[in-house]
Amino acid sequence: MSEYTESGSLFAVRQVNETNWPDYASDIKRIFNVEIAQSPYIYLSRLFNEHDIHQWFFNRLQKNGSLLVCTHTHSDKILGFATYGRFRNFAGSLDTVEHSVYVDSAVRSKGVGSFLLGEIVSTARLAGKKSMVGVIDADNLISLHLHDKAGFIRVGCMKSLGFKWDKYRDTWFVQRILS
1 MSEYTESGSL
11 FAVRQVNETN
21 WPDYASDIKR
31 IFNVEIAQSP
41 YIYLSRLFNE
51 HDIHQWFFNR
61 LQKNGSLLVC
71 THTHSDKILG
81 FATYGRFRNF
91 AGSLDTVEHS
101 VYVDSAVRSK
111 GVGSFLLGEI
121 VSTARLAGKK
131 SMVGVIDADN
141 LISLHLHDKA
151 GFIRVGCMKS
161 LGFKWDKYRD
171 TWFVQRILS
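First residue of the sequence shown? That's 1 in full-length UniProt numbering, and the numbers climb one at a time after it.
1. Going by Cα to Cα distance, which pick from K159, K149, D104 and R125 is closest to I177?
2. According to DSSP, is A12 helix, strand or coil?
3. Quick one: grab the DSSP three-state call for H74.
4. In the structure shown, what three-state DSSP assignment does G65 receive?
5. Cα separation between N17 and K77?
6. Rounded to the nearest angstrom, what separates V133 and F173 at their Cα positions?
7. According to DSSP, is I177 helix, strand or coil?
8. Would you please state the rounded distance, in angstroms, between the beta carbons of V103 and G113? I believe it to be under 8 Å.
9. Along the alpha helix (DSSP H) that carries F115, what are the first and last residues, could you check?
10. Grab me the residues of N33's own chain with a C-beta within less than 8 Å of its C-beta, minus the 5 sequence neighbours each way, in chain order.
11. With H, G and I counted as helix, E and B as strand and the rest as coil, what does DSSP make of L47?
12. Which residues does DSSP pair with residue 189 in a beta bridge?
13. Does the distance from the C-beta atom of Y43 to that of K164 stay below 7 Å?
14. Can you check DSSP and say which residues form a bridge with G92?
15. How is the alpha helix (DSSP H) around S105 delimited, first residue to last?
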């Protein structure tokens, strides 16, 4: 299991792979399902079951993606996760990735999101990716602000791109050039 702890940091990041995936699958599924059930910002209505979460993970791997989990430096409790995968399946788009960051609702506003966003950007850059894209609900001001602080640029707002809880939702696309 790879681990990186910044000097003085409260957080550690671990790369998730096929070998250690079973250690993290249930916590990742739990964090996803809280977002699906309680947040209008993820446009899914059905909770993930065991099959769904495993399919999601292996789909991410097949698309040259990456998945990182964040823990406290002295604990294995997952505080959140960040991931990226192929943005589009066209040969000319292979160096652009779409990312997501999810933080356990119990530890929000404690720096986990900023830490994970910085780590997933670094991971993509080290993998030779050129550009990183995020798709963020227009009402998710905390995520938009987080991305603004991390050097992402809002490149366009698409109207009624998502639908959740009987309402069409606008979505911002944000981008950061990595190299």
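Backbone N, C-alpha and C define an ideal beta-carbon position, used for all residues, glycine too.
Predicted, not measured: the structure shown is a model, and the values here were computed from it.
Reading it off the structure:
1. Selected option, being the one with the closest Cα: R125.
2. It is a strand residue.
3. Taken through DSSP and simplified to helix, strand or coil, H74 comes out as coil.
4. The answer is coil: DSSP assigns G65 none of H, G, I, E or B.
5. About 17 Å.
6. Whole-angstrom Cα-Cα distance: 7 Å.
7. Looking at I177 - three-state DSSP - the assignment turns out to be strand.
8. About 5 Å; that satisfies the 8 Å criterion.
9. Residues V112 to L126.
10. Excluding positions up to five away in sequence, the list reads L47 and F48.
11. Reduced to three states, the DSSP call for L47 is coil.
12. Outside the modelled stretch of the chain, which goes from 1 to 179, sits residue 189, for which no answer is possible.
13. Result yes, Cβ atoms of Y43 and K164 sit closer than 7 Å.
14. Paired residue(s): none; G92 is not in a bridge.
15. Per DSSP, S105 belongs to no alpha helix (DSSP H) and is neither H nor E.
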